[in-house]
Amino acid sequence: MRRGPSAFNIAAIVLGMGFLYLPIALLVIYSFNESRLVTVWGGFSTRWYVSLFQNEQLLAAAWVTLRVAFVSATLATILGTLAALGLVRAGRFRGRTLFSSMTYAPLVMPEVILGLSLLLLFVAVGVARGFWTVMIAHTTLTLCYATVVVQARLVSFDEALEEAARDLGAPPWKAFALVTLPNIAPAVAAAWMLAFTLSLDDLVIASFTSGPGATTLPIRIYSAVRLGVSPEINAISTLLIGLVATGVIAVYLLSMRRRTAAP
Amino acid sequence: MSVTGAPRPHRPWKGLGRPRGQPSSEARAAYAPFLWLAVFFLVPFLLVAKLSLSDVVLAIPPYAPRLDWSRGLGGVIAFVRALDFEAYARMGQDGLYLAAYLSSLKFAAVATVILLLVGYPLAYGMTRCRPSVRQALLMAVILPFWTSFLIRVYAWIAILKPAGLLNMALAQIGLPPVDILNTDTAVYIGLVYAYLPFMVLPLYAVLERQEAGLLEAAADLGCTPFQSFWRVTFPLSLPGVAAGALLCFIPMVGEFVIPDLLGGSGTLMLGKTIWTEFFSNRDWPAASAVAIVLLATLVIPILLFQRQQTKMMEQR
Numbered sequence: 001m002r003r004g005p006s007a008f009n010i011a012a013i014v015l016g017m018g019f020l021y022l023p024i025a026l027l028v029i030y031s032f033n034e035s036r037l038v039t040v041w042g043g044f045s046t047r048w049y050v051s052l053f054q055n056e057q058l059l060a061a062a063w064v065t066l067r068v069a070f071v072s073a074t075l076a077t078i079l080g081t082l083a084a085l086g087l088v089r090a091g092r093f094r095g096r097t098l099f100s101s102m103t104y105a106p107l108v109m110p111e112v113i114l115g116l117s118l119l120l121l122f123v124a125v126g127v128a129r130g131f132w133t134v135m136i137a138h139t140t141l142t143l144c145y146a147t148v149v150v151q152a153r154l155v156s157f158d159e160a161l162e163e164a165a166r167d168l169g170a171p172p173w174k175a176f177a178l179v180t181l182p183n184i185a186p187a188v189a190a191a192w193m194l195a196f197t198l199s200l201d202d203l204v205i206a207s208f209t210s211g212p213g214a215t216t217l218p219i220r221i222y223s224a225v226r227l228g229v230s231p232e233i234n235a236i237s238t239l240l241i242g243l244v245a246t247g248v249i250a251v252y253l254l255s256m257r258r259r260t261a262a263p
Numbered sequence: 264m265s266v267t268g269a270p271r272p273h274r275p276w277k278g279l280g281r282p283r284g285q286p287s288s289e290a291r292a293a294y295a296p297f298l299w300l301a302v303f304f305l306v307p308f309l310l311v312a313k314l315s316l317s318d319v320v321l322a323i324p325p326y327a328p329r330l331d332w333s334r335g336l337g338g339v340i341a342f343v344r345a346l347d348f349e350a351y352a353r354m355g356q357d358g359l360y361l362a363a364y365l366s367s368l369k370f371a372a373v374a375t376v377i378l379l380l381v382g383y384p385l386a387y388g389m390t391r392c393r394p395s396v397r398q399a400l401l402m403a404v405i406l407p408f409w410t411s412f413l414i415r416v417y418a419w420i421a422i423l424k425p426a427g428l429l430n431m432a433l434a435q436i437g438l439p440p441v442d443i444l445n446t447d448t449a450v451y452i453g454l455v456y457a458y459l460p461f462m463v464l465p466l467y468a469v470l471e472r473q474e475a476g477l478l479e480a481a482a483d484l485g486c487t488p489f490q491s492f493w494r495v496t497f498p499l500s501l502p503g504v505a506a507g508a509l510l511c512f513i514p515m516v517g518e519f520v521i522p523d524l525l526g527g528s529g530t531l532m533l534g535k536t537i538w539t540e541f542f543s544n545r546d547w548p549a550a551s552a553v554a555i556v557l558l559a560t561l562v563i564p565i566l567l568f569q570r571q572q573t574k575m576m577e578q579r
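Residue numbers (our numbering), protein chains in the order written: chain A, 1 to 263; chain B, 264 to 579.
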């Protein structure tokens with residue numbers, strides 16, 4: 001017996017959700033504003049979206065960002081899945097505590113520290129900063145998130161299934177690919193999505209590790225935002241929010257369908 | 264793993280059939296991420312520590328002395344000889360660093376308390392809804408977490424600026440305008456807004472798992488709803504409170520984007536100090552020293568967070 005929500009509960013939900021969504025809603029609405037003045041409603045218009053697609057600097061930055069996010073998310077998901085396997089299945093091995101500390105620390109580590117330390121590494125090694133350095137930095141950050149997401153799913157997966165496959169003669173990699181991987185696939189997809197969006201978003205780490213040729217979209221947005229609010233930034237923000245929201249909801253619905261399809 | 268060999272030992276004796284000292288295939292799977300984190304996470308920290316002991320010079324890269332490995336032991340000795348902890352000494356002398364340090368801790372602590380006050384009723388309210396509604400609400404809380412941090416902070420500038428949407432709304436209902444942007448208040452709003460999902464999710468996770476029977480028992484024993492909340496629900500949710508508080512507090516201490524965009528010139532926070540020392544003043548040793556001090560402060564909360572994370576993963 002669980003009583004329904006009280007008036008207080010409903011008020012908390014409404015206020016909380018309003019707080020979370022009102023700023024985003026306003027930003028989206030004002031991206032369709034005809035007027036350049038952000039607070040004066042001059043009628044509905046898509047002119048800022050049009051001017052967005054004529055802004056070559058912004059488009060170039062968006063292209064760099066998407067490439068970095070794609071490569072780093074893929075790499076981070078592979079490494080994160082392997083790390084999760086090690087953490088969940090390997091039991092006690094030498095260096096386990098160090099390993100688990102290293103995987104959880106970047107989740108909460110201030111980004112400024114991560115960015116600074118990686119930059120010093122790149123300077124010490126003497127590589128030119130650019131696409132690859134940002135990619136490596138983002139992989140390091142998102143690898144940890146990917147690990148946690150896959151790990152959460154792997155804990156609840158019955159290992160006996162994979163053991164059965166091995167007993168029946170499948171080599172370990174095959175047992176993993178044919179039995180475990182399809183089962184944890186939703187988590188792996190979610191991990192990739194999360195890594196992708198985190199990389200897409202990141203300003204601080206990219207600022208430290210990128211070079212002149214690899215200006216990412218958040219760096220461009222940040223330098224524009226410092227000069228004040230502009231409808232063009234509203235428009236690109238709306239596009240980014242729309243892109244991410246569509247992806248997240250799609251993955252969510254997919255995983256829901258899978259869950260209801262399976263017994 | 265031969266086909267004809269003895270069957271693999273089943274859990275919980277897993278791994279006993281393996282020759283001692285030989286890692287399982289799962290442990291070997293972890294080699295690649297282990298190596299990656301060692302090279303790109305651990306080594307960089309040692310470099311920050313090393314650099315914080317160097318002196319700033321006008322050069323590229325702008326610091327000296329540089330530890331010269333090619334000279335072997337002699338290089339190391341020369342490096343140790345030249346140590347004078349100058350960057351740290353400067354930090355001690357300059358009151359601005361101390362002020363930034365204390366104000367970072369204050370911002371993070373106060374914002375964590377506000378987040379608990381805002382997040383707890385929200386998480387609790389969510390668990391009281393029907394399961395289908397609960398799922399949708401959970402999704403609604405997670406979604407902002409996925410959308411860009413920078414954009415969500417930026418959205419507040421248009422609301423809080425002097426001729427912004429908030430003041431327009433206030434004028435509509437006949438109230439005097441407020442000047443919030445570039446003040447500490449704006450930083451608090453930004454922190455609470457940006458970190459709310461991080462607080463709600465762990466709270467929701469513990470509250471949702473709680474058995475309804477416990478509350479029934481409390482009611483049977485004569486508790487009013489408030490009493491049963493305060494004496495049953497709340498104490499049982501403390502692990503979630505701790506997880507949410509750590510998850511928010513630690514990164515907030517080093518936050519850069521929010522104080523930079525919403526705060527004023529007087530808003531001091533360590534994340535901003537590191538950024539300024541590095542990018543504007545090109546004082547890399549000072550930036551590193553501040554980073555080391557920040558890290559040293561956060562070591563204990565980070566270890567607590569890791570212990571909890573490990574415990575939660577193993578409990579499932």
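Glycine included, every Cβ here is placed at the ideal spot set by N, Cα and C.
Of all the CB atoms in chain A, is at least one closer than 8 Å to the CB of Q435/B?
With respect to chain A, the C-beta atom of Q435/B has no partner C-beta closer than 8 Å.
For F44/A, which beta-bridge partners are listed by DSSP?
N33/A
Under the rule that 16 or more other beta-carbon atoms within 10 Å means buried, what is P296/B, buried or exposed?
buried
By DSSP, does V582/B sit in helix, in strand, or in coil?
Lying outside 264 to 579, the shown extent of chain B, residue 582/B is not represented and no answer is given.
Residue ranges of each alpha helix (DSSP H) within the region 119-157 of chain A, 4 or longer:
131-155
How many Å lie between Q572/B and L433/B at the Cα?
44 Å
Min CB distance G517/B to chain A below 8 Å:
yes
Would you mind stating whether I420/B and V229/A have Cβ atoms separated by less than 8 Å?
yes
Would S210/A and G130/A qualify as a contact pair, given that the criterion is a beta-carbon distance under 8 Å?
Cβ distance < 8 Å, so S210/A and G130/A count as in contact.
Does Y387/B get closer than 8 Å to chain A when you measure Cβ to Cβ?
yes
Buried or exposed: where does E289/B fall if 16 or more other Cβ atoms within 10 Å of its Cβ makes it buried?
buried
Other residues of its chain near G485/B: CB distance less than 8 Å, five sequence neighbours each side excluded:
none
Could you check the C-alpha separation between V225/A and W63/A for me, to the nearest Å?
20 Å
Closer than 7 Å by C-beta to L253/A: which residues in its own chain qualify, once you throw out the five before and the five after it? Chain order, please.
So the list is empty, once near-sequence residues are dropped.
Could you please give the first and the last residue of the uninterrupted alpha helix (DSSP H) stretch that includes Q398/B?
First-last of the alpha helix (DSSP H) with Q398/B: 394-409.
With distances taken between CB atoms, is the gap from K424/B to L406/B smaller than 8 Å?
no
For L428/B, which residues from the same chain have a beta carbon less than 8 Å from its beta carbon, with the 5 sequence-adjacent residues on both sides left out?
Once the five neighbours on either side are set aside, the close Cβ partners of L428/B are A421, I422.
Run down chain A in chain order and give the residues with a C-beta less than 7 Å from the C-beta of I521/B.
Per Cβ cutoff of 7 Å: no residues; I521/B is ~11 Å from chain A at best.
Flag this pair as touching only if the region 108-120 of chain A and the region 174-187 of chain A have three or more C-beta atom pairs under 8 Å; answer yes or no.
The region 108-120 of chain A, when compared against the region 174-187 of chain A, does not touch it at the 8 Å Cβ threshold.
Is the shortest distance between the beta-carbon of N33/A and the beta-carbons of chain B less than 8 Å?
For N33/A, the answer is no, since every Cβ of chain B falls outside 8 Å of its Cβ.
Tell me Y326/B's beta-bridge partners as DSSP assigns them.
V319/B
What does the alpha-carbon distance come out to for the pair V123/A and T215/A?
18 Å
Could you tell me which whole alpha helix (DSSP H) segments of length 4 or greater appear in the region 526-579 of chain B?
As far as the region 526-579 of chain B is concerned, its whole alpha helix (DSSP H) runs of at least 4 residues are 533-538, 547-578.
Suppose the cutoff is 6 Å on Cβ atoms and the five residues either side in sequence are ignored; what does the same chain contact list for T147/A look like?
Closer than 6 Å at the Cβ level, and outside the excluded window around T147/A, lie G80, A83, A84, T103.
The alpha helix (DSSP H) that contains I513/B, what's its start and end?
501-516
Output needed for I513/B: all residues of its chain with C-beta closer than 7 Å, excluding positions within five of it in sequence on either side, in chain order.
L561, P564, I565, F568
Which chain B residues are close to G86/A, counting only those with a beta carbon under 7 Å from its beta carbon?
E289, A290, A292, A293
Pick helix, strand or coil for K369/B, following the three-state DSSP scheme.
It is helical.
Under 8 Å between the Cβ atoms of A69/A and L200/A?
Yes, these two residues count as a Cβ contact at 8 Å.
When you compare only the Cα positions, how much space is there between A386/B and L464/B?
8 Å
On the three-pair Cβ rule with 8 Å, is the region 470-486 of chain B touching the region 187-200 of chain A?
no
For I436/B and F196/A, the rounded distance between their alpha carbons:
Across the structure, F196/A and I436/B are spaced so that their CA atoms are roughly 43 Å apart.
My understanding is that M389/B touches L380/B, with C-beta atoms under 8 Å, so please give their C-beta distance in whole angstroms.
So it is not a contact: roughly 16 Å between Cβ atoms.
Identify whether L15/A lies in helix, strand or coil by the three-state DSSP scheme.
helix
Output, in chain order, the set of chain A residues within a Cβ distance shorter than 8 Å of Y417/B.
Here the neighbours are L27, I221, V225, V229, I233, S237.
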